Structures are given as structure tokens and as C-alpha cells.
Amino acid sequence: MQASIAIDIGTGSTRAALMGMDGRVITIAARPYDQIVPAFGWSEQRPDDWWAAAVETLRTVTDHARAEGISIESVCACGQMHGTVLVDADGQPARDTVPLWNDKRTLDYVTRFERQEKSANWLALTANPPTPAWPAFKLQWLRDHDPAAYARATTVMMPKDYVNLRLTGRRAMDWTDAACSFLVNSETRQWSRRVFERLGLDIAKMADIAMPTDILGTVTREAAALTGLAEGTPVLVGAADFPVAMLGSGVCRPGLASEVAGTSSIVTLLAHEPVLDPEISNVGTPEGNWGAFVLLEAGGDSARWARRTFHGDTLSYAQILDAAAQSRAGAGSLFFLPYLVGERLGAHRNSRAQFFGLGAGHGLDDMHRAVLEGVAFAVNRHLRVMERATGTEPELLIASGGGAKADLWLKIKASVYQKPILIPEEAECGLVGCAILSAAAAGRGSIEEAAGRLVRHSRRVDPDPRWSDVYARMQPVYDRLYGEAQQFYDDLDALDAANRSEGDNLQ
Numbered sequence: 061m062q063a064s065i066a067i068d069i070g071t072g073s074t075r076a077a078l079m080g081m082d083g084r085v086i087t088i089a090a091r092p093y094d095q096i097v098p099a100f101g102w103s104e105q106r107p108d109d110w111w112a113a114a115v116e117t118l119r120t121v122t123d124h125a126r127a128e129g130i131s132i133e134s135v136c137a138c139g140q141m142h143g144t145v146l147v148d149a150d151g152q153p154a155r156d157t158v159p160l161w162n163d164k165r166t167l168d169y170v171t172r173f174e175r176q177e178k179s180a181n182w183l184a185l186t187a188n189p190p191t192p193a194w195p196a197f198k199l200q201w202l203r204d205h206d207p208a209a210y211a212r213a214t215t216v217m218m219p220k221d222y223v224n225l226r227l228t229g230r231r232a233m234d235w236t237d238a239a240c241s242f243l244v245n246s247e248t249r250q251w252s253r254r255v256f257e258r259l260g261l262d263i264a265k266m267a268d269i270a271m272p273t274d275i276l277g278t279v280t281r282e283a284a285a286l287t288g289l290a291e292g293t294p295v296l297v298g299a300a301d302f303p304v305a306m307l308g309s310g311v312c313r314p315g316l317a318s319e320v321a322g323t324s325s326i327v328t329l330l331a332h333e334p335v336l337d338p339e340i341s342n343v344g345t346p347e348g349n350w351g352a353f354v355l356l357e358a359g360g361d362s363a364r365w366a367r368r369t370f371h372g373d374t375l376s377y378a379q380i381l382d383a384a385a386q387s388r389a390g391a392g393s394l395f396f397l398p399y400l401v402g403e404r405l406g407a408h409r410n411s412r413a414q415f416f417g418l419g420a421g422h423g424l425d426d427m428h429r430a431v432l433e434g435v436a437f438a439v440n441r442h443l444r445v446m447e448r449a450t451g452t453e454p455e456l457l458i459a460s461g462g463g464a465k466a467d468l469w470l471k472i473k474a475s476v477y478q479k480p481i482l483i484p485e486e487a488e489c490g491l492v493g494c495a496i497l498s499a500a501a502a503g504r505g506s507i508e509e510a511a512g513r514l515v516r517h518s519r520r521v522d523p524d525p526r527w528s529d530v531y532a533r534m535q536p537v538y539d540r541l542y543g544e545a546q547q548f549y550d551d552l553d554a555l556d557a558a559n560r561s562e563g564d565n566l567q
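Position one of the sequence shown corresponds to residue 61 (the numbering used here), numbered consecutively onward.
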């Protein structure tokens, strides 16, 4: 029996899975780790933590493969995007920590760029508006705030690329990660010298761009001893977790729409060409298309925050959903704006979260439901922006990510969007996407053909008409709250700065 191995280097954990030739998960192992938050809006992790988690989880699944007599055909990784890893000539991290996709420390660099440049002049080149998430601006920050590490770095790569480097000793970045960096020419699909010169960055530090199904290299003797993989096992270049999860949910042709509900919530519409709009970002897809997307930074992270804040992480997510189910649709006219870590685009990236409408009659059940509904309202606002920009209104969405397992949340979303949501049979869409890439790399059809064989949709969640009526009345109020709250965000920043400076005197 043959299988492939899929690795998912996520924000909350790394997972490795043994994947059958039919795309089903045979066994899976996970190891969690934390985000490091040294200041408001900052978010970091250690590359060595990703590698340690990859070693542990790979050892578990390779032990299972040996016990069951399963041979491993290849390894394919996907991973969180935008985490800008500096690697030195010896293949070691040039600095201990890496700014992640949701890190906002580059905000000043983005606003300076926007003051000095017309973003529209760069949109056609990069296919993306400027945002603190992009590696382009993270590299500027690293150059200026850790010049020794920047100088020592010989290669810039993304999180899954670092794990691939440790497995093979080879360096590359795939098309999907590169396309969403603000550093690529969207027509040539190569690094743009014009952007590097404008931002004062060294193009020579960038890893070569490859396609996800390319074979990067093979497992080294050292990596084999650590992970249990056989020396010489082929390792694919792989791709970013978000487009791979779309692929694993069956979204691999223009006109299809996806919501990836993980730590963030991302709504995407596939097209042959990027959609050039200042409120829309574009990512390359594994099969070579473009995905126009809008993103809510704190999607699933809002539920995680509520679990930690209200219950000290003592309740399971299932119990949280059960509590929210005790509240009626609309949560007693209670609103939650889910901007716990700000926003990626727009004039107010420093936005904050809030509850609005709290009364003495509200309880924790209502607050939990308001969190779930607030995320749905925020995503729906993004979905309407996308529909206006593309002139396309998809009939349904295909859901993936951890949020696709939460039935109540799916019903809330379907009712807010007023669209059915289709659910893949295998919830681990990122892992299935890796299996699809492995199948295509092995010559078993194109990526689209492999997806057609390996992806199955098991159920459909339809809107509840009564809930939809409630939410249709609430959405305009949510939109007004979103707009009116923006006037306070700069004031909150000033208060934060003043309070921090006086903090020692207040102890």
C-alpha cells in the first residue's frame, strides 16, 4: 500500500498526516505552539518551533506507516502565509523570531508608502494593494530594526519553505506564496526589480520561485534520522495553506467561491486574471489561476478569544457552540465587531473589537452568539465588496478550515450570506490539497483532475429563512457601526501610547 505525507504548518499548530491514494486521511498527528505577542498588533513565532513540531508529528505518522506496511511516495507541505523567514548561509534562522501574517508592526511603512505613492499605480504591477501583511513591508522593517539579521540573511522564505529546507537542504518559494508578497510582477510571475528598488530591498536575497508540484529535492540523511522518513523520499515545493485548502475543498476552477474559516476568515472568488481593486487582494492558486479575496483577520480567532477570556480555556469549542445555541438569532440585538487584531486593508487598519448593545438582560450565551454572528456580518460585508468589484455573485460557497466543522456557525453564516454552503467530506482540506498536489506530481492527471477524484462533498447547509430575516435587518446597523467606530481608533492609539509611557508610575 502506498501513501503520501501532508504537512500543514499552521498558526496554532503543525500537523502531519498519512494520506491514502483516495485522498482520505489514514492517520494524523498535531503539535500546538503559541503566538508570541510582545506588543499590541505584533505577532511572532520561532522557526525552530515549526521544525520541532514537524519532526514530532512526522515521527508519529512514519511510525504508523511502518507498522502498517505502508510505503511513502512523497511529502508535500503547505503553511501559513507571509511569515517572513530570514535564513543565513548555513540554513539557520538569521533571527530567533519571525513576524507572522497578522503582525501589524509594518503599519508605518505602509502608510508612508501610501502617502508617497498612488497605490493605483502599483496595483496592476503587484496585483495587490499595500498592506502590513505583505512580506515586502516586513522586509523593510527587518532591514531597519534588525540590520544585523538582515545583512546575515542570504535567503528570504515562507514558513513551509523553512521546513522544506530542513527536510531537503534546498531553498525555494512557491508561486502561491510569492504572488501574495507585493514583490512579484503579476504578468511575468517573477520578482519585480522595480518594487525592490522602490522599497530599498535586496532582490538577491529572494528564494527562486517554483510551482507547487515541482520536486524541490529529497529527504536528507539527517532529516531522515529525525523524522522517520526514508532518505531520498521526494519532497514537493508545496504551497501556501490558504490556496491549498481551497484546492482541497474542490475550488480549483474560475467562477467557484470559497470561504476558508480558520484563525482568519477568507472569502475568495477564482478567476483567470487578478481583480484590480484597492479593497481586494489576489493570491496565486496551485493550478495557476488567481484567487481574488477579502480577509477578516480574527475569524476563528474571535471564538478562541471568547473561550479564553470568558472561560479561561476550560470549556471546549463544542460547549461554546452549545452555549451560543441557547441564544436566539440576533442575540437580543447584541452586536460584536470582530476586529481584535485590526484589519488588513482600508484607512483604519488599527481598528478594534467591541460589543455594542449590551443590556442587563444579556448573558454569556448571547455574547457567544454575538461573536459568531459578528464574524458572519464582517465576512458578508467583504463578500459584497467582492461581488461589486467582480460583477459576479456566486450561487453558493464551499467552506473549509476548522470553522467548517461548526454546524451552528455554518447555519448562521449561510443565513447571513443568504447562500447555501457546501461542505467537503474531509474537513482537513489543507491536507487533502497536499495529497492532490502529490498525485499530480506523480503523474496521476492534472491538478484539476486529481481534485475531481480526491474531493467529495458530503453535505449542504442552507439558510434558515427566519434567521435570514433577522440578519437582513441587522446587517445595515452593523455596517453603520463599522463606519462610525473608525473615528475613535486613532484616539485609542494615543491613549495606549500615553498609558504605556506612564505605566511604571501606575504600578
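C-beta atoms are modelled at their ideal positions from N, C-alpha and C, and glycine is treated no differently.
Bear in mind the structure is a predicted one, so any value in this text is a computation, not a measurement.
In the DSSP assignment, D68 falls within the beta strand (DSSP E) that extends over 62-69.
Separation of L185 and E247 (C-alpha to C-alpha, rounded to the nearest whole angstrom) is 7 Å. Sequence-distant Cβ neighbours of I269 in its own chain, meaning closer than 8 Å and more than five residues away, are A232, M233, D234, W235, A238, V244, R249, Q250, W251. Here A378 is exposed. Its C-beta has fewer than 16 other C-beta atoms within 10 Å. In the three-state DSSP reduction, D108 falls in the helix class (H, G or I). Non-local beta-carbon contacts of E486 in its own chain, meaning distances under 6 Å to residues more than five positions away in sequence, involve V492 in chain order. In chain order, Y399, G402, E403, Y549 place their CB closer than 6 Å to the CB of S411, counting only its own chain and leaving out the 5 sequence neighbours on each side. By the CB criterion at 8 Å, I483 and S506 fall outside the cutoff. P480: not part of any alpha helix (DSSP H); DSSP gives it neither H nor E.
Comparing alpha-carbon positions, the option among G392, F437, G434 lying closest to G423 turns out to be G392. When DSSP states are grouped into helix, strand and coil, H142 belongs to the coil group. For P92, the uninterrupted beta strand (DSSP E) run begins and ends at 85-92, by DSSP. Put simply, the stretch 73-83 touches the stretch 111-120. At least three CB pairs are less than 8 Å apart. With a beta-carbon spacing of about 13 Å, A305 and P272 fall beyond the 8 Å limit used to define contacts. Per the Cβ contact rule, the stretch 127-142 is in contact with the stretch 220-228 (3 or more Cβ pairs under 8 Å).
Secondary-structure assignment with DSSP links R520 through a beta bridge to L482.
DSSP, read as helix, strand or coil, puts W365 in helix.
In this structure I496 is not in contact with L316, their Cβ atoms being roughly 15 Å apart against a cut-off of 8 Å. The beta carbons of G490 and G360 sit no closer together than 8 Å.
Straight across, the Cα-Cα distance linking T117 with L289 is about 11 Å. If you look at W350, you'll find it in the beta strand (DSSP E) that goes 350-356. By the C-beta criterion, the stretch 314-334 is judged to be in contact with the stretch 449-456, since at least 3 inter-stretch pairs fall below 8 Å. A366 has its alpha-carbon roughly 11 Å from the corresponding atom of T374. Non-local beta-carbon contacts of K479 in its own chain, meaning distances under 8 Å to residues more than five positions away in sequence, involve P454, E455, L456, L457, P523 in chain order. For D108, the closest C-alpha among the options D94, P303, G101 is that of D94. Where N440 is concerned, the enclosing alpha helix (DSSP H) starts and stops at 424-450. If you compare the alpha carbons of F100, E128, E257, V158 with that of N559, the shortest gap goes to F100.
When DSSP reads this structure, S325 sits in a beta bridge with A321, L356.
Taking the Cα positions, P346 is about 35 Å away from F396. When beta bridges are read from the DSSP output, T278 appears opposite P294. In the displayed model, V97 falls within coil according to three-state DSSP, outside both helix and strand. Judged by beta-carbon spacing, V216 lies within the 8 Å limit of L199, meaning their Cβ atoms are closer than that value. When C-beta atoms of the stretch 316-333 are compared with those of the stretch 523-535, fewer than three pairs fall below 8 Å, so the two segments do not count as touching. For I496, the uninterrupted alpha helix (DSSP H) run begins and ends at 489-501, by DSSP. DSSP places T186 inside the alpha helix (DSSP H), whose first and last residues are 179-186.
Here the C-alpha atom of N162 lies approximately 6 Å from the C-alpha atom of S103.
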